[in-house]
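Below is one structure; the comments refer to it alone.
Residue numbers (the working numbering): 37 to 122.
Listed below in structure tokens is the structure:
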């Protein structure tokens with residue numbers, strides 16, 4: 037059975053003994069791990085764990101939740117004002 041798995045090359049190994057992240061445009065930055073730090077920790081910090089699509093979806097959900105919370109807050113304020121003035 038074949039499974040379609042997306043994969044991208046994020047680096048390569050050479051004889052330089054350096055751990056370097058190469059960005060689009062050719063910029064290079066050293067990402068040497070700290071003592072007892074996983075080798076991939078710096079990579080995760082640089083590129084993140086979420087895809088841009090996941091971030092956009094989460095931002096939309098956060099905006100919707102904030103909007104609904106503000107509407108609910110206004111309903112409570114209106115309710116309290118009506119009870120006080122009654």
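The beta-carbon is built from N, C-alpha and C at its ideal position, and this holds for glycine as well.
inquiry  = By alpha-carbon positions, which one of 57, 38 and 61 ends up nearest to residue 68?
reply    = For the purposes of this step, residue 68 is taken as the residue at position 32 of the chain shown. The shortest C-alpha separation from residue 68 is found at 57.
ask   = DSSP three-state call for residue 109: helix, strand or coil?
value = Start at 1 with the first residue of the chain shown, and residue 109 comes out as number 73. Helix, per DSSP.
query = From this set, 72, 87, 103 and 38, which residue's C-alpha is nearest residue 44's C-alpha?
reply = As a working mapping, residue 44 is identified with position 8 in the chain shown. With distances taken between Cα atoms, residue 44 lies closest to 87.
ask   = So what's residue 79 in DSSP terms, helix, strand or just coil?
value = To locate residue 79, count along the chain shown from 1; it is residue 43. Helix.
message = Here's a check: name, in chain order, each residue in its chain whose Cβ is nearer than 8 Å to the Cβ of residue 93, leaving out the five neighbours to either side.
response = Your numbering for residue 93 matches position 57 in the chain shown. There are no such residues.
message = Tell me the rounded alpha-carbon separation between residue 82 and residue 96.
response = Taking the chain shown and counting its residues from 1, one reaches residue 82 at position 46. Taking the chain shown and counting its residues from 1, one reaches residue 96 at position 60. Distance between the alpha carbons of residue 82 and residue 96 is about 23 Å.
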